[in-house]
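Engineer:
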Amino acid sequence: MELDDTDLRILKMIQGDAKFPLEKMADILRIPKSTIAYRIKKMEKSGIIRGYFTSIDPSSIKLDYVIISLVKAKYGKDYHDILGKKLSELPGVWGVYFVLGDNDFIVMGRYKTREDFMKNYLERLMDMPEIERTNTQVVAKTIKETPYVVIENILNPDNK
Numbered sequence: 001m002e003l004d005d006t007d008l009r010i011l012k013m014i015q016g017d018a019k020f021p022l023e024k025m026a027d028i029l030r031i032p033k034s035t036i037a038y039r040i041k042k043m044e045k046s047g048i049i050r051g052y053f054t055s056i057d058p059s060s061i062k063l064d065y066v067i068i069s070l071v072k073a074k075y076g077k078d079y080h081d082i083l084g085k086k087l088s089e090l091p092g093v094w095g096v097y098f099v100l101g102d103n104d105f106i107v108m109g110r111y112k113t114r115e116d117f118m119k120n121y122l123e124r125l126m127d128m129p130e131i132e133r134t135n136t137q138v139v140a141k142t143i144k145e146t147p148y149v150v151i152e153n154i155l156n157p158d159n160k
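First residue of the sequence shown: 1, per this note's numbering; consecutive thereafter.
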């Protein structure tokens, strides 16, 4: 599905607030509510909008121990699919990226404590025969973190 600026502006609004009122969108975009509703349904059907969720502050539920692991895998047939799936199923893991370069995966996770991290992540990671080596960093402070897709650069490509 090809998106125009109106679709992108709708996405930006509902990404910031999934309950953004259609009436308010219609006023801002100067188009009928029915057109906005139709466009949203079309983006849902095409898979552009994959769902709606509640943004939770991880600190409020004591998930303050944030880790980033660089994983080098042992090469083999479909190793990236097999190991990627295993990594994604580890408790606390919220991001797994297959990357090119010196490492094969970047894994991101959240845990309540160092002990929680050791038991639910690191010990399980060490038991995976597909892994050659890892390098895990503990995040000292989160400067910026967002679940949003940055739409600004698409709407304003010359905005530097």
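By construction, the Cβ of each residue, glycine as well, lies at the ideal position given by its N, Cα and C atoms.
Nearest to Met170 by CA position, among Ile67, Arg133, Gly101, is which residue?
Structural biologist: In the structure as shown, the chain begins at 1 and stops at 160. Residue 170 is therefore absent and cannot be evaluated.
Engineer: Which of helix, strand or coil does DSSP assign to Leu70?
Structural biologist: Sequence index remark: in the sequence shown, residue 70 carries index 70 (1-based). The answer is strand: DSSP assigns Leu70 an E or B state.
Engineer: Identify which residue in Leu155, Glu152, Pro147 has its Cα closest to the Cα of Asp57.
Structural biologist: Position 57 of the sequence shown holds residue 57. The shortest C-alpha separation from Asp57 is found at Pro147.
Engineer: Would you tell me roughly how many angstroms separate the C-alpha atoms of Leu29 and Arg50, rounded to the nearest one?
Structural biologist: Within the sequence shown, residue 29 is the residue found at index 29, counting from 1. Within the sequence shown, residue 50 is the residue found at index 50, counting from 1. The alpha-carbon atoms of Leu29 and Arg50 are separated by roughly 23 Å.
Engineer: Relative to the alpha-carbon of Ala140, which residue among Leu90, Arg110, Gly101, Lys85 has its alpha-carbon at the smallest distance?
Structural biologist: Within the sequence shown, residue 140 is the residue found at index 140, counting from 1. Comparing Cα positions, the closest option is Arg110.
Engineer: Assuming Phe98 is part of the alpha helix (DSSP H), what are its boundary residues?
Structural biologist: In the sequence shown, residue 98 corresponds to position 98, counting from 1. From DSSP, Phe98 is part of no alpha helix (DSSP H) but of the beta strand (DSSP E) over 93-98.
Engineer: My understanding is that Lys41 touches Met1, with C-beta atoms under 8 Å, so please give their C-beta distance in whole angstroms.
Structural biologist: Position 41 of the sequence shown, counted from the start, is the residue given in the question as residue 41. Position 1 of the sequence shown, counted from the start, is the residue given in the question as residue 1. Not really, about 12 Å apart at Cβ, beyond 8 Å.
Engineer: For Leu83, which residues of its own chain have a beta-carbon under 6 Å away from its beta-carbon, when the five flanking residues on both sides are left out?
Structural biologist: The residue given as residue 83 occupies position 83 in the sequence shown. Excluding sequence neighbours, Leu83 sits near Ala73, Glu130.
Engineer: Could you work out which residue in Lys77, Gln137, Gly95, Leu100 is closest to Met118 when comparing CA atoms only?
Structural biologist: For the purposes of this step, residue 118 is taken as the residue at position 118 of the sequence shown. For the residues Lys77, Gln137, Gly95, Leu100, the minimum Cα distance to Met118 belongs to Gln137.
Engineer: As a quick exercise: from Glu115, Leu100, Asp17, Tyr97, pick the residue whose alpha carbon is nearest that of Tyr65.
Structural biologist: Along the sequence shown, read from residue 1 onward, the residue named residue 65 stands at position 65. Measuring from the Cα of Tyr65, the nearest candidate turns out to be Glu115.
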